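Order-wise, the sequence lines are chains A and B. Going letter by letter, the first sequence gives residues 1 to 333 in my numbering. Going letter by letter, the second sequence gives residues 1 to 172 in my numbering. Every residue, glycine too, gets a C-beta built ideally from N, C-alpha and C. Since this is a predicted model, take the numbers as computed values, not measurements.
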Amino acid sequence: MKPFAYQAPSDASTAVRSVAADPAAVFLGGGTNLVDHLKLGVATPDLIVDVTAATSDEITDDGAGGLRIGAAVPNSDLAADRRVRERYPVLAQALLAGASGQLRNMATTGGNPLQRTRCVYFQDVTTPCNKRTPGAGCSAIGGYTRYHAILGASEQCIATHPSDMAVAMAALDADVRVLGGAGERAIAFVDLHRLPGEHPERDTVLEHGELILSIDLPALPMAARSAYRKVRDRASYAFALVSVAAALDVADGVVRDARIAFGGVAHKPWRATRAEEVLRGATASDESYRAAAQAELADARAQDGIDGGNAFKIPLLIRTLAATLRDLAREEA
Amino acid sequence: MKTELSLDVDGAPQRLVVDNRMTLLDLLRERLGNMSPKKGCDHGQCGACTVLINGRRALACLALAVAHDGSEVITADGLAHDGALHPVAQAFLNHDAFQCGYCTPGQICSAVGMLDEFAQGWPSAATIYPSSEPELDHDEAAERMSGNLCRCGAYANIVPAVQDAAAQVAPR
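Below you can see the structure in the form of structure tokens.
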């Protein structure tokens with residue numbers, strides 16, 4: 001592991017100044033992904049700025065039915081919070097579907113969305129990877145693609161974003177409040193992560209030195225009926241093959257409104273706006289749910305691979321969305 | 001590059017200068033000679049290094065020591081009191097819940113932390129509705145212990161041991 005300096009400032013402005021001033025500096029939250037990358041040689045910072053004391057570890061009511069979640073709130077506390085469990089069950093379920101009890105105690109709200117892809121080639125410094133070394137080539141294309149994208153991939157990168165929490169945040173219309181050299185700004189959570197395009201080395205739209213202060217959830221009464229469904233290769237402690245975060249508002253057998261996001265299928269949590277449009281005003285039925293999924297997946301493109309590729313994700317995701325919505329509609333009744 | 005830090009480990013105050021790169025796991029094993037947390041995978045995938053940091057279960061292999069200055073760390077070694085085994089450790093013995101024993105200190109620390117989480121009413125992925133109060137049935141216990149891998153033949157006894165210990169350490 002490359003040597004690095006360590007700082008743990010007590011305020012966010014100092015943390016931002018330190019990282020902004022050094023192109024090889026990084027922020028440290030819970031460390032569950034970064035410390036592994038230090039060992040693997042994927043991350044080689046010369047300065048680590050620990051922000052767990054510099055950011056809030058509190059969840060506060062915004063006075064209008066929403067919640068402000070400080071960046072240092074551990075994933076376990078967020079999942080256990082009564083307000084989250086009642087107002088946004090999809091978020092509690094997504095958090096609990098991810099990682100393990102130990103990791104959720106360490107991982108933070110600000111760090112979770114900034115974890116990096118678990119693409120095996122990205123994590124193996126002996127194989128070419130455009131995300132790690134721009135221009136090096138992509139070892140995943142035509143390789144082991146079971147965990148890779150079917151939506152929004154590019155010729156440079158077919159990696160997926162691994163977070164479960166982020167899929168729920170994308171469905172819930174959350175905002176991310178960040179602090180940079182020019183002050184604070186808010187970014188819609190759905191705009192935080194990028195598609196790979198020509199620059200897969202950039203996971204998010206954050207500038208170097210910009211620090212997540214909080215994730216803000218708006219009031220969303222329909223989210224009281226919401227759920228997260230994750231399909232994976234073992235029953236627990238595994239990343240998603242596909243996942244669905246959904247909130248559904250049904251009255252008299254008709255869908256009034258829906259919020260849907262997919263995980264495990266793209267370089268970012270995939271907000272399924274086309275599926276939402278198809279569902280608004282439609283009969284609450286399996287036919288509608290499948291039609292919504294098919295509309296969202298009209299541009300899906302499966303990857304070939306030495307493991308048989310990932311074409312299975314398309315029918316799997318259609319079934320997973322239908323099952324999630326069917327269960328939610330039943331809850332309504 | 002080095003940093004001086006203080007820790008309380010198994011009830012004993014420690015003050016030492018560490019390389020910034022040192023994990024808490026390496027500090028415990030190589031600097032303090034506490035071999036109870038194990039270096040299984042060293043990548044946060046097996047749970048053998050589980051310790052309690054400020055009362056919460058965590059993976060020592062993914063914790064930079066410098067980031068835990070001032071913390072209270074308890075390893076499986078520090079769970080016993082006055083020569084008596086911790087109830088969770090005793091339950092592992094009673095239920096034959098280990099064979100080779102390599103994952104066991106991590107399993108026991110994880111179970112101690114998990115039972116405290118359960119007593120506080122935290123839900124898990126096995127809890128049907130996150131707003132409901134869970135019971136520690138087999139599925140709940142197995143899901144909550146899923147961050148600790150065991151590959152021995154006695155692993156099927158871990159969940160019963162944890163359920164048994166639950167009644168003694170966290171009466172509800």
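- request: State the start and end residues of the unbroken beta strand (DSSP E) segment that holds B/GLY113.
  value: Indexing the second sequence from 1 puts residue 113 of chain B at position 113. Not the beta strand (DSSP E): B/GLY113 falls in the alpha helix (DSSP H), residues 104-119.
- prompt: Quick one: is B/THR75 near chain A, going by C-beta distance under 8 Å?
  reply: The sequence position of residue 75 of chain B within the second sequence is 75, counting from 1. For B/THR75, the nearest beta carbon of chain A is not closer than 8 Å to its own beta carbon.
- prompt: Who are the neighbours of B/MET1 on chain A, taking C-beta pairs under 8 Å?
  reply: Taking the second sequence and counting its residues from 1, one reaches residue 1 of chain B at position 1. What B/MET1 touches in chain A: PRO3, PHE4, ALA5, TYR6.
task: Scan the region 94-115 of chain A for residues whose Cβ lies nearer than 8 Å to a Cβ of chain B and list them as they occur along the chain.
output: Residues passing the 8 Å Cβ filter: LEU96, ALA97, ALA99, SER100, GLY101, GLN102, LEU103, ASN105, MET106.
- prompt: Is B/ALA58 closer than 8 Å to B/LEU25 when the C-beta atoms are compared?
  reply: Within the second sequence, residue 25 of chain B is the residue found at index 25, counting from 1. Within the second sequence, residue 58 of chain B is the residue found at index 58, counting from 1. No, these two residues do not count as a Cβ contact at 8 Å.
task: Measure the Cβ-Cβ separation of A/GLN7 and A/ASP50 and say whether it is below 8 Å.
output: Residue 7 of chain A sits at position 7 when you count from the first residue of the first sequence. Residue 50 of chain A sits at position 50 when you count from the first residue of the first sequence. Between A/GLN7 and A/ASP50, the gap from beta carbon to beta carbon is short of 8 Å.
- prompt: Apart from the five residues on each side of it in sequence, which residues of its chain come closer than 7 Å, Cβ to Cβ, to A/VAL120?
  reply: Numbered from its first residue, the first sequence carries residue 120 of chain A at position 120. Correct list, in chain order: TYR144.
task: Run down chain B in chain order and give the residues with a C-beta less than 7 Å from the C-beta of A/SER236.
output: Mapped onto the first sequence, residue 236 of chain A falls at position 236. Those are ALA125, GLU143, SER146, listed as they occur along chain B.
- prompt: Checking contacts by CB at 8 Å: is B/VAL18 closer than that to chain A?
  reply: Within the second sequence, the letter at position 18 stands for residue 18 of chain B. Not a single CB atom of chain A sits nearer than 8 Å to the CB of B/VAL18.
field: Inter-stretch contact (C-beta, 8 Å, three-pair minimum) for the region 29-42 of chain A and the region 89-96 of chain A
entry: In short, these stretches do not touch, since the Cβ pair count stays below three.
query: B/VAL9 versus chain A: which residues are under 9 Å apart at the beta carbon?
result: Along the second sequence, read from residue 1 onward, the residue named residue 9 of chain B stands at position 9. Near B/VAL9 there are no residues of chain A at all, since even the closest Cβ is about 18 Å away, more than 9 Å.
query: Is the region 247-255 of chain A close to the region 278-293 of chain A, with three or more CB pairs under 8 Å?
result: Yes: the two stretches touch, three or more of their Cβ pairs being nearer than 8 Å.
- prompt: So, helix, strand or coil for A/HIS148, using DSSP?
  reply: On the first sequence, residue 148 of chain A is found 148 positions in, with the first residue counted as 1. Residue state, collapsed to three classes: coil.
- request: Examine chain A for any beta-carbon lying closer than 8 Å to the beta-carbon of B/ARG172, and answer yes or no.
  value: Residue 172 of chain B sits at position 172 when you count from the first residue of the second sequence. Unreliable positioning characterises B/ARG172 in this predicted model, as indicated by a pLDDT of 42, which lies under 50. The coordinate reading is nonetheless provided below. When Cβ-Cβ separations below 8 Å define contact, B/ARG172 makes no contact with chain A.
message: I'd like to know if A/LYS39 contacts chain B, where contact means its C-beta is closer than 8 Å to some C-beta of that chain.
response: Looking up residue 39 of chain A in the first sequence gives position 39. A/LYS39 counts as touching chain B.
message: Between B/VAL88 and chain A, is the shortest Cβ-Cβ distance under 8 Å, so that the two count as touching?
response: Taking the second sequence and counting its residues from 1, one reaches residue 88 of chain B at position 88. With 8 Å as the cut-off, B/VAL88 does not count as an interface residue toward chain A.
- prompt: How would you write the range of the beta strand (DSSP E) that B/LYS2 sits in, first residue to last?
  reply: Counting from 1 along the second sequence, the entry for residue 2 of chain B is found at position 2. Element bounds for B/LYS2: 2-9.
- request: Quick one: list the residues of chain A neighbouring B/LEU59, beta-carbon separation under 8 Å, in chain order.
  value: Position 59 of the second sequence holds residue 59 of chain B. Neighbours of B/LEU59 across chain A, judged by C-beta separation under 8 Å: THR32, GLN102, LEU103, MET106.
- prompt: For B/ARG29, which residues in chain A fall below 7 Å Cβ to Cβ?
  reply: The residue you call residue 29 of chain B lines up with position 29 of the second sequence. Chain A residues near B/ARG29: none, gap ~16 Å exceeds 7 Å.
task: Could you tell me the distance, in whole angstroms, from the CA atom of A/LEU40 to the CA atom of A/ILE314?
output: For the purposes of this step, residue 40 of chain A is identified with residue 40 of the first sequence, where counting begins at 1. For the purposes of this step, residue 314 of chain A is identified with residue 314 of the first sequence, where counting begins at 1. Distance between the alpha carbons of A/LEU40 and A/ILE314: 33 Å.
field: Spatial distance of B/GLN107 from A/SER76 (CA atoms)
entry: Taking the first residue of the second sequence as position 1, residue 107 of chain B is located at position 107. Taking the first residue of the first sequence as position 1, residue 76 of chain A is located at position 76. Rounded to the nearest angstrom, the two C-alpha atoms are 19 Å apart.
- prompt: Exposed or buried, which one is A/LYS2 when buried takes at least 16 other CB atoms within 10 Å?
  reply: Within the first sequence, numbered from 1, the residue matching residue 2 of chain A stands at position 2. Classified as exposed, A/LYS2 has fewer than 16 neighbouring CB atoms from the shown chains inside 10 Å of its CB.
- prompt: Thinking just about the alpha-carbon of each residue, which of B/ALA119, B/LEU62, B/GLU4, B/VAL88 is nearest to the one in B/CYS109?
  reply: Here residue 109 of chain B is taken as the residue at index 109 of the second sequence, counted from 1. If we check each option's Cα against that of B/CYS109, B/VAL88 comes out closest.
- prompt: Using a Cβ-Cβ distance under 8 Å, would B/HIS81 count as near chain A?
  reply: Locating residue 81 of chain B in the second sequence gives position 81, where the first residue counts as 1. Judged by the 8 Å Cβ criterion, B/HIS81 is not in contact with chain A.
message: Mapping the DSSP letters down to three states, classify B/ALA84 as helix, strand or coil.
response: Residue 84 of chain B sits at position 84 when you count from the first residue of the second sequence. Judged by DSSP in its simplified three-state form, B/ALA84 adopts strand.
- prompt: Under the DSSP definition of a beta bridge, which residues are partnered with A/ASP61?
  reply: For this step, residue 61 of chain A is matched to residue 61 along the first sequence. A/LEU67, per the DSSP bridge assignment.
message: So that I know if they touch, is there some Cβ in chain B lying closer than 8 Å to that of A/ALA92?
response: As a first step, residue 92 of chain A is located in the first sequence; it is residue number 92 there, counting from the start. Yes, its Cβ sits closer than 8 Å to a Cβ of chain B.
message: If distances are taken between C-alpha atoms only, which option among A/SER100, A/VAL231, A/GLU296, A/ARG87 comes closest to A/ALA323?
response: The count along the first sequence starts at 1 and reaches residue 323 of chain A at position 323. Minimum Cα distance to A/ALA323 is reached at A/VAL231.
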